[in-house]
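Participant: Please find one structure pasted underneath; my questions will follow.
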Amino acid sequence: DGGITQSPKYLFRKEGQNVTLSCEQNLNHDAMYWYRQDPGQGLRLIYYSQIVNDFQKGDIAEGYSVSREKKESFPLTVTSAQKNPTAFYLCASRDGDEAFFGQGTRLTVV
Amino acid sequence: DAKTTQPTSMDCAEGRAANLPCNHSTISGNEYVYWYRQIHSQGPQYIIHGLKNNETNEMASLIITEDRKSSTLILPHATLRDTAVYYCIVRPRRAAGNKLTFGGGTRVLVKP
Chain H
2 DGGITQSPKY
12 LFRKEGQNVT
22 LSCEQNLNHD
32 AMYWYRQDPG
42 QGLRLIYYSQ
52 IVNDFQKGDI
62 AEGYSVSREK
72 KESFPLTVTS
82 AQKNPTAFYL
92 CASRDGDEAF
102 FGQGTRLTVV
Chain E
141 DAKTTQPTSM
151 DCAEGRAANL
161 PCNHSTISGN
171 EYVYWYRQIH
181 SQGPQYIIHG
191 LKNNETNEMA
201 SLIITEDRKS
211 STLILPHATL
221 RDTAVYYCIV
231 RPRRAAGNKL
241 TFGGGTRVLV
251 KP
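Order-wise, the sequence lines are chains H and E. Under the working numbering, the residue at position 20 of the first sequence is numbered 21, and the numbers go up by one with no gaps. Under the working numbering, the residue at position 97 of the second sequence is numbered 237, and the numbers go up by one with no gaps.
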């Protein structure tokens, strides 16, 4: 089935460690996005990529990094510089009118 | 992308129509209105989009005012499964390349 997959669904890390969240899509979409969502809040854009080997900062990029070496993959690294990394992270891809979202990764940093 | 304003929350009765408003007074001529919804702890789901004509699909209807400064998403017969946060977004219609930003949305609670 075509879709967008995020893994893992739940992730726990110790404070000060970098962690990488996976996002894979087999929809052949050019554009991919990463969002952060805190409890009771809307989605905030972290990074987005229009095409392979290119990406732009979103509204809250500090403390995060991404890569786009392959069209189908857009991993997000939450670095130790991110002050409040505990959140729900959503990845999306889009090619046209409709954006498709993964089921999210809930990251807890203790 | 143009900014949108939506009510923070609203309740509606099961089986009745739910009318969700969205203001986008700064919308540009090339920007479309898109609606998504997010059921608790899941990724958002596309519902419908339109430019200036009213649109209908199997999920909902979209009514856009003549001046395009506001729109209404209509869920014709709300069910308990329609309880979700609904996001209204305006952006140009392009294959790729522009930011996709979400506001706070409207938290809709469908009550039996």
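Just so it is clear, CB atoms sit at the ideal spot from N, CA and C, and this is done for glycine as well.
#1: Taking the alpha carbon of H164 (chain E) as the reference point, which residue from E:Y174, E:L249, E:A158, E:S201 has its own alpha carbon closest?
#2: How big is the Cα-Cα spacing for S210 (chain E) and T196 (chain E)?
#3: Pick from E:C162, E:V248, E:G155, E:L240: whose alpha carbon is nearest that of M33 (chain H)?
#4: Name, please, each residue of chain H whose Cβ falls closer than 7 Å to the Cβ of R233 (chain E).
#5: Excluding the five sequence neighbours on either side, which residues of its own chain have a C-beta within less than 8 Å of the C-beta of Y65 (chain H), listed in chain order?
#6: Helix or strand or just coil, what does DSSP make of L220 (chain E)?
#7: What distance in whole Å lies between the Cβ atoms of R177 (chain E) and A218 (chain E), which are believed to be in contact at a cut-off of 8 Å?
#8: List, from N- to C-terminal side, the beta strand (DSSP E) runs of 3 residues or more that fit wholly inside the region 42-72 of chain H.
#9: Could you round the C-beta distance between L160 (chain E) and L220 (chain E) to whole angstroms and report it? I think they count as a contact, below 8 Å.
#10: Going by beta carbon distance, what residues of the same chain come within less than 6 Å of Y227 (chain E), once the five residues before and after it are set aside?
#11: Just verifying my parser: in three-state terms, what is the DSSP assignment at H189 (chain E)?
#12: Taking a cut of 9 Å between CB atoms, which residues from the region 181-199 of chain E lie near chain H?
#13: Quick check: is the beta carbon of R107 (chain H) nearer than 9 Å to any beta carbon in chain E?
#14: Let's test the definition: count the other Cβ atoms within 10 Å of the Cβ of F56 (chain H) and tell me whether it reaches 16, buried, or not, exposed.
#15: Who are I167 (chain E)'s beta bridge partners in DSSP?
#16: If you draw a straight line from the C-alpha of L249 (chain E) to the C-alpha of D151 (chain E), how long is it?
#17: For a contact defined as C-beta to C-beta under 9 Å, what are the partners of L113 (chain H) on chain E?
#18: Count the other CB atoms within 10 Å of the CB of G59 (chain H); is the residue buried (16 or more) or exposed (fewer)?
#19: Based on DSSP bridge pairs, tell me the residues matched to P232 (chain E).
Facilitator: In terms of the structure at hand:
#1: As a working mapping, residue 164 (chain E) is identified with position 24 in the second sequence. Ranking E:Y174, E:L249, E:A158, E:S201 by Cα distance to H164 (chain E) puts E:Y174 first.
#2: Mapped onto the second sequence, residue 210 (chain E) falls at position 70. Mapped onto the second sequence, residue 196 (chain E) falls at position 56. S210 (chain E) and T196 (chain E): Cα-Cα distance of roughly 17 Å.
#3: If you number the first sequence from 1, residue 33 (chain H) lands on position 32. With distances taken between Cα atoms, M33 (chain H) lies closest to E:L240.
#4: Your numbering for residue 233 (chain E) matches position 93 in the second sequence. Contact note: R233 (chain E) reaches chain H through D98, using a C-beta cutoff of 7 Å and chain order.
#5: Along the first sequence, read from residue 1 onward, the residue named residue 65 (chain H) stands at position 64. If we look at Y65 (chain H) and ignore the five residues flanking it on each side, its Cβ neighbours are W35, I47, Y48, L77, T78, V79, T80, Q83.
#6: To locate residue 220 (chain E), count along the second sequence from 1; it is residue 80. Under the three-state reduction of DSSP, L220 (chain E) is assigned to helix.
#7: Translated into the one-based positions of the second sequence, residue 218 (chain E) becomes position 78. Translated into the one-based positions of the second sequence, residue 177 (chain E) becomes position 37. Actually they are not in contact, since the Cβ atoms of A218 (chain E) and R177 (chain E) sit about 12 Å apart, beyond 8 Å.
#8: The beta strand (DSSP E) runs of length 3 or more contained entirely in the region 42-72 of chain H are, from start to end of the chain, 44-52, 55-58, 65-67.
#9: Here residue 160 (chain E) refers to the residue found at position 20 of the second sequence. Here residue 220 (chain E) refers to the residue found at position 80 of the second sequence. Wrong, their Cβ atoms sit about 17 Å apart, outside the cutoff.
#10: Within the second sequence, residue 227 (chain E) is the residue found at index 87, counting from 1. For Y227 (chain E), where only same-chain residues beyond five positions count, the Cβ hits under 6 Å are Y176, F242, G245.
#11: Position 49 of the second sequence, counted from the first residue, corresponds to residue 189 (chain E). Strand, per DSSP.
#12: If the cut-off is 9 Å between Cβ atoms, the region 181-199 of chain E has S181, Q182, G183, P184, Q185, Y186, H189 near chain H.
#13: Reading the first sequence from its first residue, position 106 is the one you call residue 107 (chain H). At least one chain E Cβ lies under 9 Å of R107 (chain H).
#14: Translated into positions along the first sequence, residue 56 (chain H) becomes position 55. Burial call: buried.
#15: Against the second sequence, residue 167 (chain E) aligns to sequence position 27. DSSP output for I167 (chain E) lists no bridge partner at all.
#16: For the purposes of this step, residue 249 (chain E) is taken as the residue at position 109 of the second sequence. For the purposes of this step, residue 151 (chain E) is taken as the residue at position 11 of the second sequence. Looking at the two C-alpha atoms, the distance is approximately 5 Å.
#17: Since the first residue shown for chain H is 2 and the last is 111, residue 113 (chain H) is missing from the structure and cannot be characterised.
#18: Start at 1 with the first residue of the first sequence, and residue 59 (chain H) comes out as number 58. It counts as buried.
#19: By 1-based counting over the second sequence, the position of residue 232 (chain E) is 92. DSSP lists E:E171 as partners of P232 (chain E).
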